[in-house]
Amino acid sequence: MEKKDYRPMWKDLGLNLEGHDQLLAVLGNAYKDIYMLQENRPKAMQYLDFVISEAHGLRIEELMEEKRKGNKVIGTFCVYVPEELILAVGGTCVGLCAGAEIGIDEAEKVLPRNTCALIKSFMGFKLAGLCPYIQASDLVVGETTCDGKKKAYEILNDYKETYVMEIPQMKTERDRALWKGEILQFKDRLQEVTGRKVTPENLRQGIKIVNEKRRALQRLSQIRRAVPPPISGLDALLVNQIAFYDDPIRFTRNIHTLCDELEERVRNGMGVTKNGTPRILVSGSPMALPNWKIPYVVETSGAIVVAEESCVGERSTRDLVREDGKTLGEMIDAIVDRYMKIDCACFTPNEERIEHILDLARDSKANGVIHYSIQFCTPYSVESYKVEKALQQKSIPVLKIESDYGMEDVGQLKTRVEAFLEMVKG
Ligand code: BJ8
1 MEKKDYRPMW
11 KDLGLNLEGH
21 DQLLAVLGNA
31 YKDIYMLQEN
41 RPKAMQYLDF
51 VISEAHGLRI
61 EELMEEKRKG
71 NKVIGTFCVY
81 VPEELILAVG
91 GTCVGLCAGA
101 EIGIDEAEKV
111 LPRNTCALIK
121 SFMGFKLAGL
131 CPYIQASDLV
141 VGETTCDGKK
151 KAYEILNDYK
161 ETYVMEIPQM
171 KTERDRALWK
181 GEILQFKDRL
191 QEVTGRKVTP
201 ENLRQGIKIV
211 NEKRRALQRL
221 SQIRRAVPPP
231 ISGLDALLVN
241 QIAFYDDPIR
251 FTRNIHTLCD
261 ELEERVRNGM
271 GVTKNGTPRI
281 LVSGSPMALP
291 NWKIPYVVET
301 SGAIVVAEES
311 CVGERSTRDL
321 VREDGKTLGE
331 MIDAIVDRYM
341 KIDCACFTPN
351 EERIEHILDL
361 ARDSKANGVI
371 HYSIQFCTPY
381 SVESYKVEKA
391 LQQKSIPVLK
401 IESDYGMEDV
411 GQLKTRVEAF
421 LEMVKG
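Take 1 as the starting number for the sequence shown in our numbering and just add one per residue.
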């Protein structure tokens, strides 16, 4: 089937057409090299291949259709932004492009060079006119997590209005009260933007849809614990990445189809690797689409990634919102409680993250942990010291990697990972 020409839509969105063509060509080639050359992929991954191929096409067309119907698109950069409230007012929540080394020259005109790649990426995507999601967004929501992000949002606001949620840094009762105030204020802002009220009925529905999405991802995460795992870490990461872009109900349905196939594989003892392949847990900074570098390095070095302790992974799917709330107030409280459990390294102290990593290493039967920090990400880089210490105390091998989005260090990373895998095996 001939591919539809989306250029008129991209032009209307104000994208830089020439740069955008180049971006799609680079991404298409990277996807072919990294994803399509994998052996023994589950058939149901074809759905994800399709979503990727249409991420800037059909999905954007769907968003534009929603907008024509009077529904709003809300763009986000962080798992603290409660999708439940966005769905309640008939909105669509989308993650904004932040996972590729793109528009760096533009980004470095407004940001210091030694800024984390994720921040430079979202700024670059916006300034170079390459992210159709931010162009389609009616509201962009930032958050005061790390210093780099919160200061960058002040600059981003000059180019696209950015609403910022204040995230507490600790987890006392006072912090919970602050966070509740933020959630209520965000609800008001959504009501203002959409002209719709959050009611117990529509919020209940929003909670249910997001919980169902998280349940499907939890199911996938459980299945990966099988020996041998029936899906590669690259494919599982892709699923978690697409969770931020796709329609949540359709996505959930398709992930259950994938899980059915994977369970069948497990029943038949079929895996994507041989028995005895080292199993790796990747922990740390989020790997936003299309940042596939770490699982690519690991899985082309003879190991398999069996879990991600990350916001594009367990951190955003582990906890559900309680569904027993009857009044709006009870549901809001349930949302506040659920989001206060997120163990981002921006919090201090953050002991629960260490416990989660140890639990996940055990449950996923990981032979070793790779702690990944995006270069210049202070929260995760600094916290890696405590993570390493806790893992060493449990005699779990750990390798710390800091890297940006460029591919120049892939050879060097492979050498380090291969040496680490020798140790893991031994
Ligand atoms: S809840 S991890 S999605 S903030 S990598 S920009 S922390 S310097 S992304 Fe994150 Fe929300 Fe936390 Fe998750 Fe800063 Fe680090 Fe860059 Fe980061």
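Even for Gly, the Cβ is constructed at its ideal location relative to N, Cα and C. For clarity, every value in this text was computed on a predicted model and none was experimentally measured.
query: Bounding residues of the alpha helix (DSSP H) (the contiguous stretch that carries Cys259); result: 248 to 267
query: Gly426 (DSSP reduced to helix, strand or coil); result: With a pLDDT of only 47 at Gly426, under 50, the local geometry of the prediction cannot be trusted, and no value is derived from it.
query: Thr162 - DSSP class collapsed to helix/strand/coil; result: strand
query: Presumed contact (8 Å Cβ cut-off) between Ile220 and Ile255, rounded CB distance; result: In the sequence on display, residue 220 carries Leu and not Ile. Correct: roughly 6 Å between the Cβ atoms.
query: Residue from Gly302, Lys208, Gly313 whose Cα sits closest to the Cα of Gln222; result: Gly313
query: Val79: CB within 7 Å of a non-hydrogen atom of ligand 1; result: yes
query: Bridge-paired residues (DSSP) for Ser283; result: Glu309, His371
query: Sheet register partners of Glu427 (DSSP bridge); result: Only positions 1 to 426 of the chain appear in the structure, and residue 427 is not among them; the question remains open.
query: Run of the alpha helix (DSSP H) containing Ser316, from where it starts to where it stops; result: 314 to 317
query: Reference Leu203, options Val26, Thr327, Thr348, Val306, closest by Cα; result: Thr327
query: Gly103, DSSP secondary structure in three states; result: coil
query: Element boundaries [alpha helix (DSSP H), containing Leu178]; result: 173 to 194
query: Where Gln135 falls, given that 16 or more other Cβ within 10 Å makes a residue buried; result: buried
query: Cβ-Cβ distance between Ile102 and Leu17 below 8 Å; result: no
query: Touching by the beta-carbon criterion (3+ pairs, under 8 Å), the stretch 58 to 78 and the stretch 132 to 152; result: yes
query: Which residues DSSP lists as bridging Thr378, in chain order; result: Answer is none; Thr378 lacks a bridge partner.
query: Nearest-angstrom Cα separation, counted from Ala216 out to Asn430; result: Nothing about residue 430 can be reported from this structure: the residues present for the chain run from 1 to 426 only.
query: Backbone secondary structure at Gly57 - three-state DSSP; result: coil
query: Any non-hydrogen atom of ligand 1 closer than 7 Å to Lys149 Cβ; result: yes
query: Same chain, Cβ closer than 6 Å to Val164, neighbours up to 5 away in sequence not counted; result: Gly142, Tyr153
query: Distance between Ala303 and Asp359 (C-alpha atoms, nearest Å); result: 20 Å
query: Glu323 in three-state terms, based on DSSP; result: coil
query: Cβ-heavy atom distance, Thr378 to ligand 1, below 7 Å; result: yes
query: Sequence-distant residues of the same chain with beta carbon closer than 8 Å to Val198, five excluded per side; result: Leu85, Ala88, Val89, Lys187, Leu190, Gln191, Leu328
query: Reference Leu281, options Thr252, Glu212, Pro200, Lys400, closest by Cα; result: Lys400
query: Rounded C-alpha distance that separates Gly406 from Val227; result: 33 Å
query: C-beta atoms of Thr378 and Cys78 nearer than 8 Å; result: no
query: Residue range of the unbroken alpha helix (DSSP H) whose run includes Lys208; result: 200 to 223
query: C-beta contact flag for Pro229 and Gly368 at 8 Å; result: no
query: Per-residue burial, Val424 [other beta carbons within 10 Å of its own, 16 or more giving buried]; result: buried
query: Cβ-based neighbour list, Gly426, same chain, cut-off 8 Å, excluding 5 preceding and 5 following; result: At Gly426 the pLDDT is 47, less than 50, meaning the model places this residue with poor confidence; the figure from the coordinates comes in the next sentence. Around Gly426: no qualifying Cβ.
query: Rounded straight-line distance, which links the Cα of Ala98 to that of Trp10; result: 19 Å
query: Burial state of Arg353 (16 or more Cβ within 10 Å); result: buried
query: Thr273, buried or exposed, once every other Cβ within 10 Å from all chains shown has been counted against 16; result: buried
query: Whole-angstrom distance between Thr300 and Ala419, CA atom to CA atom; result: 13 Å
query: Delimiting residues of the beta strand (DSSP E) encompassing Leu399; result: 398 to 403
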